[in-house]
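Visitor: In the working numbering, the protein residues as written are 1 to 105.
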């Protein structure tokens, strides 16, 4: 893997650094994705999930550390989880944060 990564947009260098530096500085959160029933209360603070089709999605710093609290809340509220996943940030997330748009495929 390269020591230094450069992220460019329309020929202009936006940032450069190691992968770890760029992720830490521009996309420090993980994406938590939930599918289930009775979970709409999670759209309020402090979780601030939002709907994306049949999924609830939130961007959370240190998601693994907060899962116990989240799962306890869901259990107490009577919610049902069908699927839960945590996705680490990628360089595409850094690009999105810097430009406001996804990479063209």
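Just so it is clear, CB atoms sit at the ideal spot from N, CA and C, and this is done for glycine as well.
What's the call for residue 103, buried or exposed, on a 16-neighbour Cβ count within 10 Å?
Guide: By the neighbour-count rule (16 or more Cβ atoms within 10 Å), residue 103 is not buried but exposed.
Visitor: Measure the alpha-carbon distance for residue 42 versus residue 20 and round it to whole angstroms.
Guide: Between residue 42 and residue 20, the C-alpha separation is close to 30 Å.
Visitor: Can you tell me which of 67, 80, 99 puts its alpha carbon nearest to the alpha carbon of residue 91?
Guide: Out of 67, 80, 99, 99 has the C-alpha closest to the C-alpha of residue 91.
Visitor: Mapping DSSP to helix, strand and coil, what is residue 35?
Guide: Strand at residue 35.
Visitor: Closer than 7 Å by C-beta to residue 48: which residues in its own chain qualify, once you throw out the five before and the five after it? Chain order, please.
Guide: So the list reads 58, once near-sequence residues are dropped.
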